Amino acid sequence: MANPLRDPRDTRMPLIAGPCAAVIFGVTGDLSRKKLLPAIYDLANRGLLPPGFGLVGFARRDWSDADFTQFAHDAVTAHARTPFRQEAWERLAEGFRFVSGSFAEDAGYDRLTDTLAALDTERGTGGNHAFYLSIPPSAFPLVCEKLSASGLAGGDGPGWSRVVIEKPFGHDLASAESLNGVLNAVFPESSVFRIDHYLGKETVQNLLALRFANQLFEPVWNANHIDHVQITMAEDIGLDGRAGYYDGIGAARDVIQNHLLQLLALTAMEEPVSFSPGALQTEKIKVLSAARLIEPLADNSARGQYTAGWQGGRPVVGLLAEDGFSATSTTETFAAIALEVNTRRWAGVPFYLRTGKRLGRRVTEIALVFKRAPHLPFDSLVDTDIGKNALVIRVQPDEGITLRFGSKVPGHLMEVRDVNMDFSYGAAFAEESPEAYERLILDMLLGEPSLFPVNREVELSWRILDPVLAHWAEADAAGGRPDPYQAGGWGPASAVAMLARTGREWRRP
Ligand code: BG6
Numbered sequence: 382m383a384n385p386l387r388d389p390r391d392t393r394m395p396l397i398a399g400p401c402a403a404v405i406f407g408v409t410g411d412l413s414r415k416k417l418l419p420a421i422y423d424l425a426n427r428g429l430l431p432p433g434f435g436l437v438g439f440a441r442r443d444w445s446d447a448d449f450t451q452f453a454h455d456a457v458t459a460h461a462r463t464p465f466r467q468e469a470w471e472r473l474a475e476g477f478r479f480v481s482g483s484f485a486e487d488a489g490y491d492r493l494t495d496t497l498a499a500l501d502t503e504r505g506t507g508g509n510h511a512f513y514l515s516i517p518p519s520a521f522p523l524v525c526e527k528l529s530a531s532g533l534a535g536g537d538g539p540g541w542s543r544v545v546i547e548k549p550f551g552h553d554l555a556s557a558e559s560l561n562g563v564l565n566a567v568f569p570e571s572s573v574f575r576i577d578h579y580l581g582k583e584t585v586q587n588l589l590a591l592r593f594a595n596q597l598f599e600p601v602w603n604a605n606h607i608d609h610v611q612i613t614m615a616e617d618i619g620l621d622g623r624a625g626y627y628d629g630i631g632a633a634r635d636v637i638q639n640h641l642l643q644l645l646a647l648t649a650m651e652e653p654v655s656f657s658p659g660a661l662q663t664e665k666i667k668v669l670s671a672a673r674l675i676e677p678l679a680d681n682s683a684r685g686q687y688t689a690g691w692q693g694g695r696p697v698v699g700l701l702a703e704d705g706f707s708a709t710s711t712t713e714t715f716a717a718i719a720l721e722v723n724t725r726r727w728a729g730v731p732f733y734l735r736t737g738k739r740l741g742r743r744v745t746e747i748a749l750v751f752k753r754a755p756h757l758p759f760d761s762l763v764d765t766d767i768g769k770n771a772l773v774i775r776v777q778p779d780e781g782i783t784l785r786f787g788s789k790v791p792g793h794l795m796e797v798r799d800v801n802m803d804f805s806y807g808a809a810f811a812e813e814s815p816e817a818y819e820r821l822i823l824d825m826l827l828g829e830p831s832l833f834p835v836n837r838e839v840e841l842s843w844r845i846l847d848p849v850l851a852h853w854a855e856a857d858a859a860g861g862r863p864d865p866y867q868a869g870g871w872g873p874a875s876a877v878a879m880l881a882r883t884g885r886e887w888r889r890p
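For the sequence shown, the working numbering gives the first residue as 382, with consecutive numbering after it.
Structure, rendered in structure tokens:
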């Protein structure tokens, strides 16, 4: 639906959401407190929400609107990105309502229907409603069905209805297909917004600018020049307090299935015909359709589980000693896979993806490692390690781009050493990047779907990953376990061996 507040021809104007209300199911949870409520405040503070915006919290607690407002206030003061401004806060909080209810009982949905109808009248939200399901995936079918039965899922009214869901989008291809079936039975695909918060990150979007707004990079962005690609998402945090979500899920499902395969798709895809909705998805879908795990899986994958070690100058426990994990848990906290993308552009170029908890430091990067120069006329005077040119997109922290190339060391000898040329967001721009959730929530309210994976992308990602998950499950059934690695290190020895077999090595970010 066209946004009445914006002239669509003026691309310089910030986009402001049209009249609407959002409902957050599971509003008392961690995601809502740390990310969603702060992001909504930040949007309001930046003037990007409509004046009459309504926000309804839905949860089991027996709260009044005032209790909810106080909860949101605490969340915002603790976690918002932009400074707290009383005036902006008060204007936003006027539209706050709380509905107490369980996912199963009709009475809660009746109260929700009345609350939304009242907001439409009092604040002019126009029947436009977004339902954010910040709840366990097992509850998605029930809530969707109840929204449909209570007439809130849209159809007859004047406004739009959208549903927003967070991963995990299933735990394998079959369950993802069945989840998509449930969602699409109630909401048409164009009304389903699946959050992959990596797509909302500034640097991830800059990947598209880097590739398609410049002439410099695209000619070498292919198998003729690139030896391999490494996509790393390393975290230093452990899983203290997250057993409920993570045990039995593991690093591959938690991160590779979504964030890393999306980064791969954006890195490997062809130029979209435009940035109109759908064009980006078309290109990503082509890459995901062409991507396959490199076989044999025993040599081209690795999984690990952190053991006790040191991090940030203090001792930390291993996964099996974290609260909520059993002493026999085989949940992997590190996963690495190797993929090929069977297209003319990428034939023969391995894409190595890895992620892990309790690694040396928090860093996400995409590194395109170039082939060595075919001939080095320096022979004895070169550092043997030179010639590994790399273009590294530093997704976070320290967002930017690094170009690594060989350079002459000052002096009489023709000695060559690799050096870095850096672009850093912090140094180049005065503007601060919005949080991923700010962008994604705003895009959803605007009905702009480009940054949300569609059901086909989710299913293709599971199709890619399923064989390695099955391979690990088989190993478990035969008494196998993820390989141990010490907290604070860079993963298990099997991950090092995986690349060493091909004469390559992981970058040490
Ligand atoms: C989430 C994962 O999607 O991303 C978490 O479920 C992970 O396990 C988080 O910690 C990392 O997000 P970010 O934005 O801090 O890199």
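Cβ coordinates follow ideal geometry from the N, Cα and C atoms, glycine included.
Please read all numbers here as calculations on a predicted model, not as lab measurements.
Integer Cβ distance of A748 from R888, believed to fall under 8 angstroms: On the sequence shown, position 367 is the one that residue 748 refers to. On the sequence shown, position 507 is the one that residue 888 refers to. Contact flag correct, Cβ pair sits at about 5 angstroms.
Close Cβ partners of P873 (< 7 angstroms) along its chain, the five nearest in sequence each way excluded: In the sequence shown, counting from the first residue as 1, residue 873 sits at position 492. Answer for P873: A683, G685, F715, D864, P865 and Y866, listed in chain order.
Element boundaries [alpha helix (DSSP H), containing P419]: Along the sequence shown, one-based indexing puts residue 419 at 38. Where P419 is concerned, the enclosing alpha helix (DSSP H) stretches over L418 to N426.
Thinking just about the alpha-carbon of each residue, which of Y818, A459, F706 and R695 is nearest to the one in A624? On the sequence shown, residue 624 is found 243 positions in, with the first residue counted as 1. Of the listed residues, the one whose Cα sits closest to A624 is F706.
In its own chain, which residues sit with a C-beta less than 6 angstroms from the C-beta of F593, not counting the 5 before and 5 after it? Counting from 1 along the sequence shown, the entry for residue 593 is found at position 212. Within the same chain, F593 has close Cβ partners E652.
Can you check which of these residues, I718, E713 and L669, is closest to R739 by C-alpha distance? For the purposes of this step, residue 739 is taken as residue 358 along the sequence shown, with counting starting at 1. Of the candidates I718, E713 and L669, the one whose C-alpha sits nearest the C-alpha of R739 is E713.
Assign I543 to buried or exposed, taking buried as 16 or more other Cβ atoms, counted over all protein chains shown, within 10 Å of its Cβ. Residue numbering aside, residue 543 sits at position 162 when the sequence shown is read from its first letter. The residue asked about is misnamed: residue 543 is Arg in this sequence, not Ile. Under this definition R543 is a buried residue.
Report the CB separation of R478 from T494 in whole angstroms; it is logged as a contact under 8 angstroms. Counted from its first residue, the sequence shown places residue 478 at position 97. Counted from its first residue, the sequence shown places residue 494 at position 113. With a Cβ gap of about 12 angstroms, R478 and T494 do not count as contacting.
At a threshold of 7 angstroms, does D635 count as lining the ligand BG6 (C-beta to nearest heavy atom)? Along the sequence shown, one-based indexing puts residue 635 at 254. Yes - the ligand BG6 has a heavy atom lying nearer than 7 angstroms to the Cβ of D635.
Counting only runs that start and end within the stretch 732-794, where is the beta strand (DSSP E) found for 3 or more residues in a row? 732-737, 744-751, 771-777 and 781-789
Note down the Cα distance separating G729 from E676, rounded to an integer number of angstroms. Within the sequence shown, residue 729 is the residue found at index 348, counting from 1. Within the sequence shown, residue 676 is the residue found at index 295, counting from 1. Straight-line Cα distance between these residues: approximately 13 angstroms.
In whole angstroms, what is the alpha-carbon distance linking I845 and I666? For the purposes of this step, residue 845 is taken as residue 464 along the sequence shown, with counting starting at 1. For the purposes of this step, residue 666 is taken as residue 285 along the sequence shown, with counting starting at 1. Taking the straight line from one Cα to the other gives about 12 angstroms.
Going along the chain, which unbroken runs of the beta strand (DSSP E) with 3 or more residues stay wholly within the stretch 785-846? 797-805
One or two residues paired with L720 in a DSSP bridge: The residue labelled residue 720 in the question sits at position 339 within the sequence shown. For L720, which the question treats as bridged, DSSP gives the partners L674 and F732.
Taking 7 angstroms as the cut-off, is the C-beta of E526 nearer than that to any heavy atom in the ligand BG6? For the purposes of this step, residue 526 is identified with residue 145 of the sequence shown, where counting begins at 1. No, Cβ of E526 sits at least 7 angstroms from all heavy atoms of the ligand BG6.
Check each candidate in E746, I718, V722 and R725 and name the one with the smallest Cα separation from L734. Along the sequence shown, one-based indexing puts residue 734 at 353. Selected option, being the one with the closest Cα: I718.
Quick check on P432: does DSSP put it in helix, strand or coil? In the sequence shown, the residue the question calls residue 432 occupies position 51. Here P432 sits in coil by DSSP.
Per DSSP, what kind of secondary structure is M614 in: helix, strand or coil? In the sequence shown, residue 614 corresponds to position 233, counting from 1. Residue state, collapsed to three classes: strand.
If we count Cβ pairs, one from each stretch, closer than 8 angstroms, do we get three or more for the stretch 767-781 versus the stretch 801-821? yes
Less than 8 angstroms separating the beta-carbons of L528 and V567? In the sequence shown, the residue the question calls residue 528 occupies position 147. In the sequence shown, the residue the question calls residue 567 occupies position 186. Yes, the pair counts as a contact, with Cβ atoms nearer than the cut-off.
Can you check DSSP and say which residues form a bridge with P518? As a first step, residue 518 is located in the sequence shown; it is residue number 137 there, counting from the start. In DSSP, P518 forms no bridge with anything.
Does N426 pass the burial test, meaning 16 or more other C-beta atoms within 10 Å, or should it be called exposed? Locating residue 426 in the sequence shown gives position 45, where the first residue counts as 1. Classification of N426: buried, given that the 10 Å Cβ count is 16 or more.
Where A402 falls: helix, strand or coil (DSSP): Counting from one through the sequence shown, the residue named residue 402 turns up at place 21. Note: A402 maps to strand in three-state DSSP.
Limits of the unbroken alpha helix (DSSP H) element including R592: Position 211 of the sequence shown, counted from the start, is the residue given in the question as residue 592. R592 -> alpha helix (DSSP H) spans E583 to F593.
Whole angstroms are fine: how far does the CA of V573 sit from the CA of E503? Within the sequence shown, numbered from 1, the residue matching residue 503 stands at position 122. Within the sequence shown, numbered from 1, the residue matching residue 573 stands at position 192. The straight-line gap from Cα to Cα measures roughly 27 angstroms.
When we look at the beta-carbon of H510 and count the other beta-carbons within 10 Å, is it buried (16 or more) or exposed? To locate residue 510, count along the sequence shown from 1; it is residue 129. Buried: at least 16 other Cβ atoms inside 10 Å.
Quick one: measure Cβ to Cβ for W444 and S483, integer angstroms, because I've assumed they're closer than 8 angstroms. Your numbering for residue 444 matches position 63 in the sequence shown. Your numbering for residue 483 matches position 102 in the sequence shown. Incorrect: roughly 14 angstroms between the Cβ atoms, too far for contact.
Distance, D608 Cα to F751 Cα: Translated into the one-based positions of the sequence shown, residue 751 becomes position 370. Translated into the one-based positions of the sequence shown, residue 608 becomes position 227. Near 5 angstroms, if we compare the C-alpha coordinates of D608 and F751.
Classification of P632 by the beta-carbon crowding that lies within 10 angstroms, buried from 16 upward: In the sequence shown, the residue the question calls residue 632 occupies position 251. For the record, residue 632 in the displayed sequence is Ala; it is not Pro. Buried, by the Cβ-count rule.
Unbroken stretches of the alpha helix (DSSP H), 4 residues or longer, contained in the stretch 600-674: 624-627, 642-649 and 660-671
Tell me where the alpha helix (DSSP H) around G562 begins and ends. As a working mapping, residue 562 is identified with position 181 in the sequence shown. Element bounds for G562: L554 to V567.
Whether G581 touches L821 by CB criterion (8 angstroms): Position 200 of the sequence shown, counting from 1, holds the residue named residue 581. Position 440 of the sequence shown, counting from 1, holds the residue named residue 821. Cβ atoms of G581 and L821: closer than 8 angstroms.
Reduced DSSP category for T688 - H, G, I as helix; E, B as strand; rest coil: By one-based count along the sequence shown, residue 688 stands at place 307. Note: T688 maps to strand in three-state DSSP.
Alpha-carbon to alpha-carbon, G407 and S413: Position 32 of the sequence shown, counting from 1, holds the residue named residue 413. Position 26 of the sequence shown, counting from 1, holds the residue named residue 407. Cα-Cα distance, rounded: 7 angstroms.
Compute the minimum distance between the beta carbon of T745 and the heavy atoms of the ligand BG6, and state whether it is under 7 angstroms. Residue 745 sits at position 364 when you count from the first residue of the sequence shown. Yes - the ligand BG6 has a heavy atom lying nearer than 7 angstroms to the Cβ of T745.
Apart from the five residues just before and just after I637, which ones in its own chain have a Cβ nearer than 7 angstroms to its Cβ? Within the sequence shown, residue 637 is the residue found at index 256, counting from 1. Result list for I637: A716, I718, L734, T736 and L846, in chain order.
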